[in-house]
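Undergrad: I'd like to ask some things about the structure below.
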Amino acid sequence: MNETIGRNIKILREANNMSQQELAEKLFITRQSVSKWESGMVVPDIEKLQMISKLFKIKIDDLMNDNFNYHKKLQ
143 MNETIGRNIK ILREANNMSQ QELAEKLFIT RQSVSKWESG MVVPDIEKLQ
193 MISKLFKIKI DDLMNDNFNY HKKLQ
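Taken in order, the sequence shown gives residues 143 to 217; the numbers are from our numbering.
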């Protein structure tokens with residue numbers, strides 16, 4: 143689960159041409175926190191998951207989906 147959420151956050155961030163630092167600033171956290179999420183070391187808390195879903199206009203369920211395809215959602 144940790145790896146899935148982290149991978150999907152990275153996909154979203156990169157698809158939106160955003161650095162880890164830029165995402166961190168939008169979520170009021172450190173860049174290191176984003177890095178830990180993306181590496182699967184930790185999972186964002188529910189508040190951050192809600193912020194991420196609003197920021198990228200997706201459902202929280204999408205972040206937990208192994209088959210999430212952000213590029214497909216854009217079409």
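All C-beta atoms, glycine included, are put in the ideal place defined by N, C-alpha and C.
Using alpha carbons as the reference points, say which of Met183, Ile202, Met193, Thr146 lies closest to Ala166.
TA: Checked all of Met183, Ile202, Met193, Thr146; the closest Cα to Ala166 is Met193.
Undergrad: Are there 16 or more other CB atoms within 10 angstroms of the CB of Ile188, so buried, or fewer, so exposed?
TA: The residue in question, Ile188, is exposed, as its Cβ has fewer than 16 Cβ neighbours within 10 Å.
Undergrad: Under 6 Å Cβ to Cβ from Ala157, same chain only, skipping five residues before and after it: list those, please.
TA: Result list for Ala157: Tyr212, in chain order.
Undergrad: Distance check for Asp208 and Pro186, CA to CA, integer angstroms please.
TA: Roughly 17 Å between the two C-alpha positions.
Undergrad: For Gly182, which residues of its own chain have a beta-carbon under 6 Å away from its beta-carbon, when the five flanking residues on both sides are left out?
TA: Cβ neighbours of Gly182 beyond the five flanking positions: Asn144, Glu145, Gly148.
Undergrad: Along the alpha helix (DSSP H) that carries Ser175, what are the first and last residues, could you check?
TA: It spans 173 to 181 - the alpha helix (DSSP H) in which Ser175 sits, taken as one unbroken run.
Undergrad: According to the Cβ coordinates, are Asn159 and Phe210 closer than 7 Å?
TA: Their beta carbons are not under 7 Å apart, which means Asn159 does not touch Phe210 by this criterion.
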